[in-house]
Each structure stands twice: as C-alpha cells, then as structure tokens.
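Chemist: Right, I'll just put the structure down here and ask away after.
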Amino acid sequence: MWTTGPGEDSRLRRTRTAILVLVAAMLSSCLVVPVQALFQETRPARQGLGVVGLLALVALYAAILYAVATPHLPQTRRRWLWLSYGAVTLASMLLVAPLGPADMYTWAWLGGAASGLGPVVFSGWKRWPAVVLPVPAAVLVGAFTGGSLWAHAAIAASVGGVIVGTIVLPLWLWDLLLQAKTGREATARLAVSDERLRFARDVHDLLGHRLAVITLKAELAARLVSVDPDRAAQEAAEVQHLSATALAEVRETVHGYRAVDLDDQLQAVEGVLSDAGIRCTVRRTGGAVEPEAATQLALVLREGCTNVLRHSTARWCTIEIAREFEEVRMTMVNDGAGSAPAGRVGFGLRGTAERLAGIGGTLRSRRDGAVFTLDVTVPAS
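Okay, structure coming up:
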C-alpha cells in the first residue's frame, strides 16, 4: 500500500518517508529504557541474554518497517511476520524482562510496543487480541520481576495507546490518499475505454449489416459465374457499390468521431477535473473559433485532460484559449507534474503534435518544477 509507482508525486514520497520515520522513531523510543537497563545489569550472563533479546527485537522492528513499506506483501511472508512477532515478543519476556532494577519496569515498555504494533502487523479481528494481550502479559512479567503491577499495566497500556494513536491514524490516512490516486487513474482509464467502446459500437453497427450483405452477394456471384455470367457480373457490380458505400460511411463516421465540439469538450473536461478534486479555470478571449480549429483544439484538450488525470497529482488546472488574427492559441497549465524529464512528451501528446504539424499547428510542453504547461497553436482558418 506504500508504493505509488515510478511517476509518484514528490509530496507522496515525502509523506511516506515522514510516516516511516515516525514509525521508526516510536519503536526506537520503546528501546531506550531496556537499553539503559542493559547497561545497569551487573550479571554478565543475564546481560548477554539481554543483548540477544534486544537484537531480536531490532530485527523484528526492521521486518515490520519493511512490511509497512512493501505493498501487497505475499501472504506467506505475512504469516512469517505474525509468527516472528509472537515468537520474539515471548522470547523478549524471558531475555529482556529481568534486566536492570525492578523499578525500571523494563519489559513494560516492550509490551507497550507490542500492543501498539498489533494493528500494523495484523488485520481484521486478529489485531484486537494483539493490542490487548501485551498489557496483561506486562502485569504477569511484573509479578515475576518485581515492581508495581499497576505501574507495569499503566506503562504498557499508555505506550501502546500512544503508538496506536500516533501510527495507525497516519497509516489510515495514507491508505485513503493512495485510494484517491488510484480512483483518479481509474476514472481516466474508464473515460478512454468508454470512448473506445462507443466508437467500436458505431463501427460495428455500421459495418455489420453491410459486410453480411457483401458476403452473401459475393458468394452468389461466385456460384453464378459458370451458370449466368451476366447475372454474376451484376452481383459483382453490386458488391463493388456496397463496398464503396461502406467505405464512405466509415470515413464519415471517423470524421464525426474526430469532429468534437470545443465548448462541449471544455465543459466535459471541467466536470471531469472537478470530480477528481482538481480546481479547473477556463478563460476564453478573442471571439469565436472556426469549426476546424475548434475540432483540433478539442482533440488536444481531451488528450491534455487525460494527461493531467493519469500522470499528475494536480490540485489546479487552468485552460486559456485566445483567438488571434491568424492562429488560435490554447495554453493548459497544471501543478502536480510527475517526475518525467522536462520536455519529454508521452505517446498520446506526441501523436497529437504530429497531427497538428500536418495542418500547420504546433504543440510544445515544458515543466517548471511541479508545474506542467502545454502550449498549442492551430491556424485560425
């Protein structure tokens, strides 16, 4: 749940790093008292066992950090993490709990860490026993090592509560952020897929009947060649006519597919971006735009909107269209640009630039930090 891909936003990377540092700091703080108790321990054998127990805990915490930073951890590795969590926690009760004076309540701090890590290591109903059981375990350890049982319970419960409140809520918020990012990308893919499906349905409806008739007449002409050559020639001529008609209709359909209304496209883009949580501002100056130029701008606008949704984590986007004497200029600017090198254009925009070049237009892009700018010019007529 923690990796967002090679084009992840720097803000997400910083947020992930901050939460991982927070988790590491909280776990390290729980080791402060046990390490102090280790240095105050006067029995060498007990001190050696304590070192082994603390190293095992450090290895466990490192494994938990790895699990936190690794999305979709395989179930087998997660089971090993569960077993390691239980085994190391039980081993620390024997190896680390006797360290130091009784009034240091050494293992109570580790019990609090085990309680706070329960929701991170486990999911579902398993997390609740993992949160609750370390507290009575700390009381049980206190009964054997000495010291106030209430103090053991209070330390374990308070440390566990602090870790849960400090770690679990950021983890939940991070998961919501990634779900929102995934939803935005899914919306973009869905919009593209819907448009492709619509065009495929139009072509199927158009050609399905025509091709069926052409096939039947071609078969009939083939059978009549040796029996009635004149009739076969007539059927072949009809096949040719039907083929030419179908070709003309396909060209008309493709032209209609490409002829997109600029005003409708602006409204659609503004609505899609707003639904994705992106503030969209549209400005138009210089009067009306001729149909051919408007169609070309609408196609670029559609591609630019897809680029914003799929390759950025934008919070705002501005679209400016200006009608000048001999050309129409459209500028599309958004923040939250990805980590691609400046000047690099994706396949969609590259194909759009090649199409515009064929009619005397231009498409240029630039990135200044996290701000991406798309400049488009097309002939006014």
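Under this note's numbering, residues 98 to 478 are what the sequence shown spells out, in order. Backbone N, C-alpha and C define an ideal beta-carbon position, used for all residues, glycine too.
Between the Cα of Ala-373 and those of Gly-197, Gly-213, Ala-235, Ala-277, spot the shortest distance and give me the residue it belongs to.
Modeler: Considering only alpha carbons, the answer is Ala-277.
Chemist: Below 8 Å between beta carbons: does that hold for Leu-406 and Gln-362?
Modeler: Not closer than 8 Å, so no.
Chemist: Would you tell me roughly how many angstroms separate the C-alpha atoms of Thr-378 and Thr-415, rounded to the nearest one?
Modeler: One C-alpha to the other measures close to 5 Å.
Chemist: By how many angstroms is the C-alpha of Arg-113 removed from the C-alpha of Trp-179?
Modeler: So the two alpha carbons sit approximately 23 Å from each other.
Chemist: Exposed or buried, which one is Leu-471 when buried takes at least 16 other CB atoms within 10 Å?
Modeler: The residue is buried, with at least 16 neighbouring Cβ atoms inside 10 Å.
Chemist: According to DSSP, is Pro-231 part of a helix, a strand, or is it coil?
Modeler: Pro-231: helix per DSSP, three-state reduction.
Chemist: For the alpha helix (DSSP H) containing Thr-212, name the first residue and the last one.
Modeler: This sequence places Ser at residue 212; Thr is not what is there. Unbroken alpha helix (DSSP H) run through Ser-212: 203 to 218.
Chemist: Going straight from the alpha carbon of Thr-342 to that of Ala-385, what length do you get?
Modeler: Distance between the alpha carbons of Thr-342 and Ala-385 is about 35 Å.
Chemist: Hey, could you find the ends of the beta strand (DSSP E) Ala-419 is sitting in?
Modeler: Per DSSP, Ala-419 belongs to the beta strand (DSSP E) from 413 to 420.
Chemist: Would you say Ala-184 reaches chain B, if we count a Cβ-Cβ gap shorter than 8 Å as a contact?
Modeler: The structure shown contains no chain B, having only a single protein chain.
Chemist: Would you please state the rounded distance, in angstroms, between the beta carbons of Trp-206 and Cys-127? I believe it to be under 8 Å.
Modeler: Confirmed, Cβ separation roughly 5 Å.
Chemist: Run the CB neighbour count on Glu-451, radius 10 Å, all protein chains shown included, and call it buried at 16 or more, exposed below.
Modeler: Glu-451 is exposed by the Cβ-count criterion.
Chemist: Looking only at its own chain, which residues have a Cβ that is under 8 Å from the Cβ of Ala-121, when we skip the five neighbours before and after it?
Modeler: Cβ neighbours of Ala-121 beyond the five flanking positions: Tyr-158, Leu-162.
Chemist: Under three-state DSSP, which class holds Val-473?
Modeler: Reduced to three states, the DSSP call for Val-473 is strand.
Chemist: What separation, rounded to the nearest whole angstrom, lies between the Cα atoms of Thr-459 and Leu-370?
Modeler: Cα to Cα, the separation comes out at about 25 Å.
Chemist: Quick one: measure Cβ to Cβ for Thr-263 and Leu-119, integer angstroms, because I've assumed they're closer than 8 Å.
Modeler: Yes, Thr-263 and Leu-119 are in contact; Cβ-Cβ is about 7 Å, under 8 Å.
Chemist: Based on the DSSP secondary-structure assignment, which residues constitute the bridge partners of Arg-463?
Modeler: According to DSSP, which records beta bridges pairwise, Arg-463 is partnered with Thr-470.
Chemist: Three or more C-beta pairs closer than 8 Å, one from the segment 327 to 345 and one from the segment 306 to 315: is that the case here?
Modeler: Because the criterion of three Cβ pairs below 8 Å is met, the segment 327 to 345 and the segment 306 to 315 touch.
Chemist: Excluding the 5 residues flanking Gly-440 on each side, which residues of the same chain have their C-beta closer than 6 Å to its C-beta?
Modeler: In this prediction, Gly-440 has a pLDDT of 45, which is less than 50 and means its spatial position is unreliable; what the coordinates show is noted afterwards. Once the five neighbours on either side are set aside, Gly-440 has no close Cβ partner at all.
Chemist: Less than 8 Å separating the beta-carbons of Gly-215 and Val-228?
Modeler: In contact: Gly-215 and Val-228 (Cβ atoms closer than 8 Å).
Chemist: Could you work out which residue in Ser-189, Ile-418, Glu-423, Arg-224 is closest to Val-473 when comparing CA atoms only?
Modeler: Among Ser-189, Ile-418, Glu-423, Arg-224, the Cα nearest to that of Val-473 belongs to Ile-418.
Chemist: If you follow the alpha helix (DSSP H) that Arg-140 is part of, which residue opens it and which one closes it?
Modeler: From DSSP, Arg-140 is part of no alpha helix (DSSP H); its letter is neither H nor E.
Chemist: Here's the rule I'm using: 16 or more other beta-carbon atoms within 10 Å means buried, otherwise exposed. How should Gly-433 be labelled?
Modeler: The residue in question, Gly-433, is buried, as its Cβ has 16 or more Cβ neighbours within 10 Å.
Chemist: Relative to the C-alpha of Leu-359, which candidate in Arg-328, Leu-344, Ala-391, Arg-420 has its C-alpha closest?
Modeler: Selected option, being the one with the closest Cα: Ala-391.
Chemist: Applying the criterion that 16 or more other CB atoms from any shown protein chain within 10 Å of the CB defines a buried residue, is Pro-195 buried or exposed?
Modeler: Buried, by the Cβ-count rule.
Chemist: For Pro-438, name the three-state secondary structure that DSSP assigns.
Modeler: Reliability fails at Pro-438, whose pLDDT of 48 lies under 50, so the model's placement of it is uncertain and the value that follows must be treated cautiously. In this structure, Pro-438 counts as coil in the three-state DSSP scheme.
Chemist: Which parts of the segment 323 to 397 are runs of the alpha helix (DSSP H), unbroken and 4 residues or longer, counting only runs that do not cross its ends?
Modeler: Entirely contained in the segment 323 to 397, the alpha helix (DSSP H) runs reaching 4 residues are, in chain order, 326 to 355, 359 to 372.
Chemist: Label Val-232 either buried or exposed according to how many other C-beta atoms from any shown protein chain fall within 10 Å of its C-beta, with 16 as the threshold for buried.
Modeler: Classification for Val-232: buried.
Chemist: Flag this pair as yes or no: are the beta carbons of Ala-251 and Ser-212 separated by less than 8 Å?
Modeler: It is not a contact, given that the beta carbons lie outside the stated cut-off.
Chemist: Taking Val-261 as part of the alpha helix (DSSP H), name the residues at either end of that continuous run.
Modeler: Where Val-261 is concerned, there is no enclosing alpha helix (DSSP H), given that its DSSP letter is neither H nor E.
Chemist: Hey, Gly-244 and Tyr-202: beta-carbon distance below 8 Å or not?
Modeler: Result yes, Cβ atoms of Gly-244 and Tyr-202 sit closer than 8 Å.
Chemist: For Ser-255 and Asn-404, I'd like the C-alpha separation in whole angstroms.
Modeler: Distance between the alpha carbons of Ser-255 and Asn-404: 48 Å.
Chemist: Give the DSSP bridge partners of Asn-431, in chain order.
Modeler: Its beta-bridge partners are Cys-414, Phe-469.
Chemist: State yes or no: is the C-beta of Ile-456 within less than 8 Å of the C-beta of Pro-267?
Modeler: The answer is no: Cβ separation not under 8 Å.
Chemist: What are the boundary residues of the alpha helix (DSSP H) that Leu-178 is part of?
Modeler: Unbroken alpha helix (DSSP H) run through Leu-178: 172 to 192.
Chemist: What does the Cβ neighbour count give for Thr-139, buried or exposed, with the cut at 16 atoms within 10 Å?
Modeler: Exposed, because fewer than 16 other Cβ atoms sit within 10 Å of the Cβ of Thr-139.
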